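Peer 1: This structure is in structure tokens; I'll ask about it shortly.
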Amino acid sequence: MLTREKCHDIFARVLKHSHADETEVLIGGGQSALTRFANNTIHQNMAEENYVVSVRTVFGGRNCAFHDEPIR
Amino acid sequence: MKDIAVWALNIADVKGVTYADARVVDDRQRSLATKNGKIGAASESESFGIGIRVLADGAWGFAATEDLTREGVEIATQRAIDIARASGRVKQHDVVLVPQQAITDEWSSPCAIDPFSTSIEQNLALLKKIDAELRSVQGITLAETNMNFRRYEQWFYSSDGANIHQTRTTTGAGFACFAFSGTEIHKRSYPNSFGGQWQNKGYELIDELKLLDNARPVAEQAAALHKADQCPEGNYTIILDSSQLALQIHESVGHPIELDRVLGMEANFAGMSFLTTDKLRKLRYGSELVNVVADATQQHGPGLGTFAYDDEGVPAQCTPIISHGEFVGFLTSRETASAVGLSQSGATVRADGWNRMPMIRMTNVSILPGEKPLTLDQLIADTDHGIYFQTNRSWSIDDKRYNFQFGTEIGWEIKGGRLGRMLKNPSYSGITTEFWNSMDAICSRDQWTLWGTPNCGKGQPQQVIGTGHGAAPARFRNVTVGKAYKST
Chain A
4 MLTREKCHDI FARVLKHSHA DETEVLIGGG QSALTRFANN TIHQNMAEEN
54 YVVSVRTVFG GRNCAFHDEP IR
Chain B
83 MKDIAVWALN IADVKGVTYA DARVVDDRQR SLATKNGKIG AASESESFGI
133 GIRVLADGAW GFAATEDLTR EGVEIATQRA IDIARASGRV KQHDVVLVPQ
183 QAITDEWSSP CAIDPFSTSI EQNLALLKKI DAELRSVQGI TLAETNMNFR
233 RYEQWFYSSD GANIHQTRTT TGAGFACFAF SGTEIHKRSY PNSFGGQWQN
283 KGYELIDELK LLDNARPVAE QAAALHKADQ CPEGNYTIIL DSSQLALQIH
333 ESVGHPIELD RVLGMEANFA GMSFLTTDKL RKLRYGSELV NVVADATQQH
383 GPGLGTFAYD DEGVPAQCTP IISHGEFVGF LTSRETASAV GLSQSGATVR
433 ADGWNRMPMI RMTNVSILPG EKPLTLDQLI ADTDHGIYFQ TNRSWSIDDK
483 RYNFQFGTEI GWEIKGGRLG RMLKNPSYSG ITTEFWNSMD AICSRDQWTL
533 WGTPNCGKGQ PQQVIGTGHG AAPARFRNVT VGKAYKST
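So this is what it looks like as structure tokens:
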């Protein structure tokens, strides 16, 4: 479960390793579930827990990104 | 990784499920692109997690988590079991799997140069050179390039005893340029449209494609299309280049043979199918020359549908789909194989990540080349009057995969056995079985290319997966041409 404190901690860890002119960190995720019916029965029933950290840096006006899902 | 999977399988065993499997996946990707000399995209990503699939009370349950602690994996497994048991309360019949021998193995796709050992700077420098070369041609108003790498490493364990570790390294690259003038825009791509060529290879693919060498001639064609004549309307003999034929196979053979679509279990992103199970070994899908296989084996080539085992632990196979024109096979899974009287799965089940439930996907659905030596030049020389279509520009096909229309970036008139004037806005349309039955020639092995389609979508949540399609230039008679575009 993400909390404001945990997000701050992740951002601080990313920033410590970044030498970029600008650094942006996007943190998101959670639980999702989906049920699909076909032929009058459930043919797909699933649940997922997933979190994403996306880091975007800018050097001299140019940017690049890194996305990493495990944030524990 | 085995410990992580064993935590899941132990819980499933204790709870008395019929079957369980666990896939631990580490997925790394790099994606780079330029647009008119500027970097359009430069990103790397890594995704790591586990997907647990269980069969309990006759129904499937699936749960996935990126929390690979013991507690996280056990919670996800219990969730999958709960979901299966809930589904089982409203089932129409039990899900039954055809048997599969448990296999222990390790496999990696051949990769001469690890693409992740190359630097992003080196990758972008090449793309920017290509981009500049494209824009140096007068008339080019937009240039786009791309380069993509992926390493997909998976550990698969099942309650049957499977223990399979496989790694696929994929590389893709290409470019496109656009010439905009007046009210028309023309596009040329290399080596294929919508992302170029993709294969299970390392950085060596980038060297093989000779992207920079081909930039200028391709850009000159894009500019020249503005002065080309409009593709005529009527019924013509047509020749498709191998990349366009590959997409034709994808849309009008690959999707309709997915047995989950045929059985009404899946309809998202491509609809269902005109095929029914009673058509197996009865339908004349194409002419005597049409031989199509679904081949995931390494022997077929480094296609995006090449692997050693599918996501149910079934060994890769070569399944005949159309044999001398007769329809003889579907793409099957352990669940669906018995519906067409098979005792084993065709090994076509894949997921696009750890957090998605695997489903039937195309492997390398390819048309086999002609047995007699025949080059494209010889095929054109053998054609008195017709149109040669190169490089897909658009596609449209109904939700049963029966009526279709394709446009290509460029066409050429064939007259007296020679390529003549350039034609703009070429298009053709047809009905799947009529079209494949009109094929009267296909070039030989030396003209055959295994193309990668990286963007095949299916299911919900959408799963985007790579498929392979081998094809050689082929000729079709009496095809409806030129309906899609009108002269401007």
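Line by line, the protein sequences are chains A and B. Going by the working numbering, the first residue of the first sequence is number 4, and it counts up by one from there. Going by the working numbering, the first residue of the second sequence is number 83, and it counts up by one from there. By construction, the Cβ of each residue, glycine as well, lies at the ideal position given by its N, Cα and C atoms. For clarity, every value in this text was computed on a predicted model and none was experimentally measured.
1) Express the C-alpha separation of LEU413 of chain B and ALA349 of chain B in angstroms, rounding to a whole number.
2) Taking only beta carbons into account, state which residues of the stretch 137 to 150 of chain B come closer than 7 Å to chain A, listed in chain order.
3) So THR147 of chain B and GLU52 of chain A are supposed to be a Cβ contact under 8 Å. How far apart are they, rounded?
4) For HIS175 of chain B, does the count of other Cβ atoms within 10 angstroms reach 16, so buried, or fall short, so exposed?
5) Taking 9 Å as the threshold (C-beta atoms), are GLN472 of chain B and GLY499 of chain B in contact?
6) Would you identify the three-state DSSP class for CYS525 of chain B, choosing helix, strand or coil?
7) Decide if SER218 of chain B is buried, meaning its Cβ has at least 16 other Cβ atoms within 10 Å, or exposed.
8) Measuring CB to CB, does ALA352 of chain B end up less than 9 Å from LYS540 of chain B?
9) Looking at chain A, is there any beta carbon in it that lies within less than 9 Å of the beta carbon of LEU179 of chain B?
10) Could you work out which residues of chain A lie near PRO543 of chain B, taking near to mean beta carbons separated by less than 8 Å?
11) Whose Cβ in chain A lies nearer than 7 Å to the Cβ of ARG161 of chain B?
12) Are the C-beta atoms of HIS46 of chain A and some chain B residue less than 9 Å apart?
13) Looking at the strands, I want to know which residues DSSP matches up with ALA224 of chain B.
14) LYS454 of chain B: which of B:GLN529, B:THR251, B:ILE479 and B:PRO273 sits nearest, CA to CA?
15) Got a sec: is the Cβ-Cβ distance from GLU348 of chain B to anything in chain A below 9 Å?
16) Considering Cα atoms alone, identify which of B:THR116, B:MET504, B:ILE163 and B:GLN204 is closest to ILE469 of chain B.
17) Look up GLY154 of chain B in the DSSP assignment and say whether it is helix, strand or coil.
18) Flag this pair as yes or no: are the beta carbons of LYS506 of chain B and HIS308 of chain B separated by less than 9 Å?
19) Just confirm the distance between the C-beta atoms of ARG270 of chain B and GLU491 of chain B, as a whole number of angstroms; I'd bet it's less than 8 Å.
20) How is the beta strand (DSSP E) around ASN48 of chain A delimited, first residue to last?
21) Spatial neighbours of VAL372 of chain B within its chain, please: CB distance less than 6 Å, with the 5 preceding and 5 following residues excluded, ordered by chain position.
22) Tell me the rounded alpha-carbon separation between TYR272 of chain B and ASN296 of chain B.
23) For GLY552 of chain B, count neighbouring C-beta atoms within 10 Å of its own C-beta (all shown protein chains included) and say buried if the count is 16 or more, exposed if not.
24) Taking 9 Å as the threshold (C-beta atoms), are ARG152 of chain B and TYR237 of chain B in contact?
25) Drop a sphere of 10 angstroms on the beta-carbon of LEU322 of chain B, count the other beta-carbons inside from all chains shown, and report buried for 16 or more, exposed for fewer.
26) Just the chain A side, please: which residues come within less than 7 Å of SER169 of chain B by C-beta, in chain order?
27) Given ASP434 of chain B, which residues of its chain have a CB within under 6 Å of its CB, disregarding the five upstream and five downstream residues?
28) Among the candidates B:SER509, B:ILE513 and B:ASP466, whose CA atom is the shortest distance from the CA of ASP481 of chain B?
29) Pair every Cβ in the stretch 175 to 194 of chain B with every Cβ in the stretch 236 to 250 of chain B, then say whether three or more of these pairs are closer than 8 Å.
30) Just the chain B side, please: which residues come within less than 8 Å of ALA41 of chain A by C-beta, in chain order?
31) Between THR252 of chain B and PRO440 of chain B, is the Cβ-Cβ spacing less than 9 Å?
32) Name the residues in the stretch 226 to 246 of chain B whose C-beta lies less than 7 Å from a C-beta of chain D; which are they?
33) Report, in whole angstroms, the separation of the C-beta atoms of ILE134 of chain B and ALA141 of chain B, which I expect to be a contact under 8 Å.
34) Tell me which same chain residues have a C-beta within less than 7 Å of the C-beta of ALA566 of chain B, skipping the five on either side of it?
Peer 2: According to the data block:
1) In the second sequence, the residue the question calls residue 349 of chain B occupies position 267. In the second sequence, the residue the question calls residue 413 of chain B occupies position 331. When rounded, the distance between both Cα atoms is 15 Å.
2) ALA141, TRP142, GLY143, PHE144, ALA145, ALA146, THR147, GLU148 and ASP149
3) Indexing the second sequence from 1 puts residue 147 of chain B at position 65. Indexing the first sequence from 1 puts residue 52 of chain A at position 49. Between GLU52 of chain A and THR147 of chain B the Cβ distance is about 4 Å, and since that is below 8 Å, they are a contact.
4) To locate residue 175 of chain B, count along the second sequence from 1; it is residue 93. HIS175 of chain B comes out exposed.
5) Against the second sequence, residue 499 of chain B aligns to sequence position 417. Against the second sequence, residue 472 of chain B aligns to sequence position 390. Going by C-beta atoms, GLY499 of chain B is not nearer than 9 Å to GLN472 of chain B.
6) By one-based count along the second sequence, residue 525 of chain B stands at place 443. Residue state, collapsed to three classes: coil.
7) Taking the second sequence and counting its residues from 1, the one referred to as residue 218 of chain B is at position 136. Exposed, since its Cβ has fewer than 16 Cβ neighbours within 10 Å.
8) For the purposes of this step, residue 352 of chain B is taken as the residue at position 270 of the second sequence. For the purposes of this step, residue 540 of chain B is taken as the residue at position 458 of the second sequence. Their beta carbons are under 9 Å apart, which means ALA352 of chain B touches LYS540 of chain B by this criterion.
9) As a working note, residue 179 of chain B is residue 97 in the second sequence. With 9 Å as the cut-off, LEU179 of chain B does not count as an interface residue toward chain A.
10) Translated into positions along the second sequence, residue 543 of chain B becomes position 461. Near PRO543 of chain B (Cβ distances below 8 Å), the residues of chain A are LEU37.
11) Position 79 of the second sequence holds residue 161 of chain B. Neighbours of ARG161 of chain B on chain A, chain order: ALA50.
12) Looking up residue 46 of chain A in the first sequence gives position 43. Closer than 9 Å to some Cβ of chain B, the Cβ of HIS46 of chain A qualifies, so yes.
13) Here residue 224 of chain B is taken as the residue at index 142 of the second sequence, counted from 1. The question names Ala, yet the displayed sequence has Leu at residue 224 of chain B. Looking at the DSSP assignment, LEU224 of chain B forms a beta bridge with B:PHE260.
14) As a first step, residue 454 of chain B must be located in the second sequence, where it is residue number 372. Checked all of B:GLN529, B:THR251, B:ILE479 and B:PRO273; the closest Cα to LYS454 of chain B is B:GLN529.
15) Looking up residue 348 of chain B in the second sequence gives position 266. Interface residue, yes.
16) Counting from one through the second sequence, the residue named residue 469 of chain B turns up at place 387. Residue B:MET504 is the option with its Cα nearest to ILE469 of chain B.
17) Locating residue 154 of chain B in the second sequence gives position 72, counting from the first residue. Residue state, collapsed to three classes: helix.
18) On the second sequence, residue 506 of chain B is found 424 positions in, with the first residue counted as 1. On the second sequence, residue 308 of chain B is found 226 positions in, with the first residue counted as 1. Yes, Cβ-Cβ distance for LYS506 of chain B and HIS308 of chain B is below 9 Å.
19) To locate residue 270 of chain B, count along the second sequence from 1; it is residue 188. To locate residue 491 of chain B, count along the second sequence from 1; it is residue 409. So it is a contact: roughly 5 Å between Cβ atoms.
20) Position 45 of the first sequence, counting from 1, holds the residue named residue 48 of chain A. Per DSSP, ASN48 of chain A belongs to the beta strand (DSSP E) from 44 to 62.
21) On the second sequence, position 290 is the one that residue 372 of chain B refers to. For VAL372 of chain B, where only same-chain residues beyond five positions count, the Cβ hits under 6 Å are ILE404, GLY407, TRP518 and MET521.
22) To locate residue 272 of chain B, count along the second sequence from 1; it is residue 190. To locate residue 296 of chain B, count along the second sequence from 1; it is residue 214. Approximately 8 Å between the Cα atoms of the pair.
23) Position 470 of the second sequence, counted from the first residue, corresponds to residue 552 of chain B. The residue in question, GLY552 of chain B, is buried, as its Cβ has 16 or more Cβ neighbours within 10 Å.
24) Against the second sequence, residue 237 of chain B aligns to sequence position 155. Against the second sequence, residue 152 of chain B aligns to sequence position 70. For the record, residue 237 of chain B in the displayed sequence is Trp; it is not Tyr. Cβ distance not < 9 Å, so TRP237 of chain B and ARG152 of chain B don't count as in contact.
25) Working through the second sequence from its first residue, we reach residue 322 of chain B at position 240. LEU322 of chain B is buried by the Cβ-count criterion.
26) Along the second sequence, read from residue 1 onward, the residue named residue 169 of chain B stands at position 87. The answer, in chain order, is ILE45 and ASN48.
27) Residue mapping note: residue 434 of chain B aligns to position 352 of the second sequence, counting from 1. GLN545, VAL546 and ILE547.
28) Position 399 of the second sequence, counted from the first residue, corresponds to residue 481 of chain B. Ranking B:SER509, B:ILE513 and B:ASP466 by Cα distance to ASP481 of chain B puts B:ILE513 first.
29) yes
30) Translated into the one-based positions of the first sequence, residue 41 of chain A becomes position 38. Going along chain B in sequence order, the residues near ALA41 of chain A (Cβ under 8 Å) are GLY346, MET347, GLU348 and ALA349.
31) The sequence position of residue 252 of chain B within the second sequence is 170, counting from 1. The sequence position of residue 440 of chain B within the second sequence is 358, counting from 1. The answer is no: Cβ separation not under 9 Å.
32) Reference to chain D is not applicable here, since the protein chains of this structure are A and B.
33) Counting from one through the second sequence, the residue named residue 134 of chain B turns up at place 52. Counting from one through the second sequence, the residue named residue 141 of chain B turns up at place 59. Incorrect: roughly 15 Å between the Cβ atoms, too far for contact.
34) Residue 566 of chain B sits at position 484 when you count from the first residue of the second sequence. Hits under 7 Å: GLN487, GLY489 and SER509.
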